[in-house]
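Everything below concerns the one structure shown next.
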Amino acid sequence: MLAFNGLSPLQLPFPPKYSNCKTKTKQTFSIAAAYSIKTIPQHSIKNNKTIQSLCKQGNLKQALQILSNEPNPTQQTYELLILSCTQQNSLSDGVIVHRHLIDDGFDQDSFLATKLINMYTEFNSMDNALYVFDKILDKTIFVWNAIIRGFALSAHGEEALSLYYSMNQIGMPSDRFTYTYALKALVVSSPSISLIQKGKEIHGHILRHGFESYVHTMTTLMDMYARFGCVSYAKYVFVKMPEKNVVSWSAIIACYAKNERPVEALYLFWEMMSETFDVVPNSVTMVSVLQACAALSALGQGKLIHCYVLRRGFDSTLPVMNSLVNMYLKCGSLYIGQRIFDQMGKKDIVSWNSMIAGYTINGYGKEAVELFRDMIQNGVSPNIITFVSVLGACSHAGLVNEGKQIFDSMTRQHKVVPTVEHYACMVDLFGRAGRLDEAAKIVEGMRIEPGPTVWGSLLGACRIHCNVELAERASVRLFQLEPVNAGNFVLLAEIYAAAKMWEQVSKVKKLLEARNLQKVPGCSWIEVKRKIYSFVSIDELNPQMEQLHALLIHLSSEMKEKGYVPDTRVVLYELDQVEKERILLGHSEKLAVAFGLINSGRGETIRITKNLRLCEDCHSVTKFISKFTNREILVRDVNRIHRFREGFCSCGDYW
DNA sequence: ATAGGGTTAG
Numbered sequence: 001m002l003a004f005n006g007l008s009p010l011q012l013p014f015p016p017k018y019s020n021c022k023t024k025t026k027q028t029f030s031i032a033a034a035y036s037i038k039t040i041p042q043h044s045i046k047n048n049k050t051i052q053s054l055c056k057q058g059n060l061k062q063a064l065q066i067l068s069n070e071p072n073p074t075q076q077t078y079e080l081l082i083l084s085c086t087q088q089n090s091l092s093d094g095v096i097v098h099r100h101l102i103d104d105g106f107d108q109d110s111f112l113a114t115k116l117i118n119m120y121t122e123f124n125s126m127d128n129a130l131y132v133f134d135k136i137l138d139k140t141i142f143v144w145n146a147i148i149r150g151f152a153l154s155a156h157g158e159e160a161l162s163l164y165y166s167m168n169q170i171g172m173p174s175d176r177f178t179y180t181y182a183l184k185a186l187v188v189s190s191p192s193i194s195l196i197q198k199g200k201e202i203h204g205h206i207l208r209h210g211f212e213s214y215v216h217t218m219t220t221l222m223d224m225y226a227r228f229g230c231v232s233y234a235k236y237v238f239v240k241m242p243e244k245n246v247v248s249w250s251a252i253i254a255c256y257a258k259n260e261r262p263v264e265a266l267y268l269f270w271e272m273m274s275e276t277f278d279v280v281p282n283s284v285t286m287v288s289v290l291q292a293c294a295a296l297s298a299l300g301q302g303k304l305i306h307c308y309v310l311r312r313g314f315d316s317t318l319p320v321m322n323s324l325v326n327m328y329l330k331c332g333s334l335y336i337g338q339r340i341f342d343q344m345g346k347k348d349i350v351s352w353n354s355m356i357a358g359y360t361i362n363g364y365g366k367e368a369v370e371l372f373r374d375m376i377q378n379g380v381s382p383n384i385i386t387f388v389s390v391l392g393a394c395s396h397a398g399l400v401n402e403g404k405q406i407f408d409s410m411t412r413q414h415k416v417v418p419t420v421e422h423y424a425c426m427v428d429l430f431g432r433a434g435r436l437d438e439a440a441k442i443v444e445g446m447r448i449e450p451g452p453t454v455w456g457s458l459l460g461a462c463r464i465h466c467n468v469e470l471a472e473r474a475s476v477r478l479f480q481l482e483p484v485n486a487g488n489f490v491l492l493a494e495i496y497a498a499a500k501m502w503e504q505v506s507k508v509k510k511l512l513e514a515r516n517l518q519k520v521p522g523c524s525w526i527e528v529k530r531k532i533y534s535f536v537s538i539d540e541l542n543p544q545m546e547q548l549h550a551l552l553i554h555l556s557s558e559m560k561e562k563g564y565v566p567d568t569r570v571v572l573y574e575l576d577q578v579e580k581e582r583i584l585l586g587h588s589e590k591l592a593v594a595f596g597l598i599n600s601g602r603g604e605t606i607r608i609t610k611n612l613r614l615c616e617d618c619h620s621v622t623k624f625i626s627k628f629t630n631r632e633i634l635v636r637d638v639n640r641i642h643r644f645r646e647g648f649c650s651c652g653d654y655w
């Protein structure tokens, strides 16, 4: 049988009475079972009743006192005692009850074993839970389910799975609970390709054994696919589900929102609202829908959802409020987001983190750091995410010393151990500020293995400051760690291109071709009159393409008269100047800007989101357009929000 | 006796 590593936290001296459980026969169990129904003296019956009612009142200590002098507790009494220990959150009392239970010969009672396993699971004490499991001979489906559930809930996916497989091996048939726990176990296992395969196998078992009509099991199955990024499988399960409730709808919406398909998430939400009258969204649904709005900078949709939230009274639900704050901040509506944040009665770490990150992406680094200090003043402990956000704020605002100081305070003051991401932030902090030597020193002095994010930050810094030599060093490591990430190769090629090292540029491109790697295509989204439109570079299928292109060409020639020179460095193909410029004009964000100009009302702010970093040429073109057309244009790229107004960008050309 | 979906960063 599987052994769980680690000592029992309480070092239970088991078993005091039946010193050799393994040799016990089934007979012992039936004796124990019989014991619970044997006639017991009148005062014992009274004691049992007293213990039970004390447990129900939450007076565990007194119940335990009576228990210690009572030789005949019943199964029901033990059940209530165990439940009470869980409710009182007392592991040590739980162990006391467990010992008594063994002394009284209930250690082969599978009902109580299940209860004990569940109790130990609540306390995250899986060593003890496994102890109970190992000792119980009559392993009923409840016992099996309880132990698998316990390991799955405590994020020990591998242990849970291995138990699931041993259960199969001994021929114990799974039920719908077993499948849900096994699927949960997959989700919490350490990432591996084979997990998806195992998930599909479990899917097969579920179908073969006729469990496909259980909503709970199928929703978990869907969620498993969603978490592994298998969106089409999740959708398949969803479509096949005979009965869909608010949870299954929320799960599929969350699936799309989390897997970079926010447009479909919104589409599903409206489908849910219009096509099914018996399914009403709840606060959990709202969170995923708002996440989708945030991802798209779809302010119109977001405001509509906000109204719905108010109408349904979800504005007292913390996660919903956090999602609203996040949505407004991601849409660049700093003022509204800030106001909601200020007016929130309750705030948790997520609220603070969202607001800090919101200041950062909107270009308010100093305010982000101030809010970080406020948060500590308010007695809220920062976590890993807080530091990623606040260090990001420092690096975007060029607050190098501030960042250094905060990084030091992480371990010293706040007992948060820096992860690779935090080192990446530090590399970015020094790198952006042009202090590449110090950035490189950070990498050398790391206590943990620098991952791809760290080398990536360094390479990014080299791109900003055109440092070919360091870029080459960083990319050697980066290419080893991420051999199939085309973005890294493109970054290096851009650095060579900036240094006019054309031979090297073509070498990198050949490397890309040889490995058959493709750049992630640029994609931009824009919301006009509450409808979402998406653009990819030079999209022949777009019916308005000619019109968009004509407008861009017109704007481009106007700009050239005013001294604009197209920045073709990002075009890595060997083409003549005219062709390069044509490709540049086809960048998805330019198309989205042109679309916004044509289709939205005069004076309306144009809001765009894109999946990559904004290129230099698009940046200068959008600056120009904002002035020329007297429009405010917001573009959110992967890093931050650029607010273009009257020829200037809020990022101060530093991004 | 046991069960499903949600928020923040990169």
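Each residue of the first sequence is one higher than the one before, starting from 1 at the first, in the UniProt record's numbering. The beta-carbon is built from N, C-alpha and C at its ideal position, and this holds for glycine as well. In this text, all values refer to a predicted model and were calculated from it rather than measured experimentally.
Asked                                                                                                                                                                                        : Found
For a quick check, are the C-beta atoms of residue 488 and residue 478 less than 8 Å apart?                                                                                                  : yes
Restricting to runs no shorter than 4 residues, where is the alpha helix (DSSP H) found entirely within the UniProt repeat "PPR" (140 to 174)?                                               : 141 to 153 and 157 to 169
Would the stretch 619 to 633 count as touching the stretch 331 to 345 if we require 3 or more Cβ pairs under 8 Å?                                                                            : no
Determine the closest residue to residue 654 out of 233, 383, 393 and 257, with distance taken between C-alpha atoms.                                                                        : 393
Mind reading off the beta-carbon distance from residue 106 to residue 117? Whole number of angstroms is fine, and I expect it under 8 Å.                                                     : Contact flag wrong, Cβ pair sits at about 14 Å.
What is the DSSP secondary structure of residue 602, reduced to helix, strand or coil?                                                                                                       : coil
Classify residue 129: buried if its beta carbon has 16 or more other beta carbons within 10 angstroms, exposed otherwise.                                                                    : buried
Keeping to the same chain, check which residues put their C-beta closer than 7 Å to that of residue 639; ignore five residues upstream and five downstream.                                  : 613 and 655
Taking 8 Å as the cut-off, decide whether the C-beta atoms of residue 592 and residue 524 are in contact.                                                                                    : yes
Nearest to residue 269 by alpha carbon, out of 259, 285, 261 and 277?                                                                                                                        : 285
Does residue 297 pass the burial test, meaning 16 or more other C-beta atoms within 10 Å, or should it be called exposed?                                                                    : buried
In the DSSP output, which residue or residues are listed as bridge partners for residue 643?                                                                                                 : 634
Taking three-plus beta-carbon pairs below 8 Å as touching, is the stretch 262 to 279 in contact with the stretch 213 to 225?                                                                 : no
Take the Cβ of residue 401 as the centre, count every other Cβ of all protein chains shown within 10 Å, and call the residue buried at 16 or more, exposed below.                            : exposed
Quickly, what does DSSP pair residue 536 with across the bridge? List them, please.                                                                                                          : 523
Okay, do the stretch 325 to 332 and the stretch 292 to 307 touch, 3+ Cβ pairs below 8 Å being the bar?                                                                                       : yes
Which residues does DSSP pair with residue 609 in a beta bridge?                                                                                                                             : 525 and 636
Of all the alpha helix (DSSP H) runs that stay within the bounds of the stretch 180 to 267, which reach a length of 4 or more residues?                                                      : 194 to 208, 215 to 227, 231 to 240 and 246 to 258
Per DSSP, which one or two residues make a beta bridge with residue 649?                                                                                                                     : 644
Around the Cβ of residue 447, are there at least 16 other Cβ atoms within 10 angstroms (buried) or fewer (exposed)?                                                                          : exposed
Let me check you understand the geometry: is the CB of residue 422 closer than 7 Å to at least one non-hydrogen atom of the ligand SAH?                                                      : Only the bare structure without any ligand can be found here, which leaves the ligand SAH out of the picture.
Does residue 347 come out as helix, strand or coil in the three-state DSSP assignment?                                                                                                       : coil
Around the Cβ of residue 275, are there at least 16 other Cβ atoms within 10 angstroms (buried) or fewer (exposed)?                                                                          : exposed
Using CA atoms only, rank isn't needed, just tell me which of 510, 475, 463 and 476 is closest to residue 499.                                                                               : 463
In the DSSP assignment, the alpha helix (DSSP H) including residue 279 goes from what residue to what residue?                                                                               : Looking at the DSSP string, residue 279 is not in any alpha helix (DSSP H), and its letter there is neither H nor E.
Quick one: any contact between the stretch 542 to 560 and the stretch 604 to 613, if contact means 3 or more CB pairs under 8 Å?                                                             : no
Restricting to Cα atoms, I'd like to know which of 387, 493 and 396 is closest to residue 405.                                                                                               : 387
Does DSSP put residue 560 in a helix, a strand or coil?                                                                                                                                      : helix
Could you check where the alpha helix (DSSP H) with residue 75 kicks off and where it finishes?                                                                                              : 75 to 87
Look at residue 125 and residue 91 and say whether their C-beta atoms are less than 8 Å apart.                                                                                               : yes
Would you decide whether residue 367 is buried or exposed? Buried here means 16 or more other CB atoms lie within 10 Å of its CB.                                                            : buried
Give every residue of the same chain whose Cβ lies closer than 7 Å to the Cβ of residue 584, excluding the five residues on either side of it in the sequence, and list them in chain order. : 566, 568, 571 and 617
Enumerate in chain order the residues of its own chain whose CB-to-CB distance from residue 228 is below 7 Å, with the five nearest sequence positions on each side excluded.                : 195, 196 and 199
Just to confirm the assignment, what range does the alpha helix (DSSP H) spanning residue 129 have?                                                                                          : 126 to 135
When the Cα atoms are used, what is the spatial distance from residue 354 to residue 48?                                                                                                     : 52 Å
Taking 8 Å as the threshold (C-beta atoms), are residue 115 and residue 70 in contact?                                                                                                       : no
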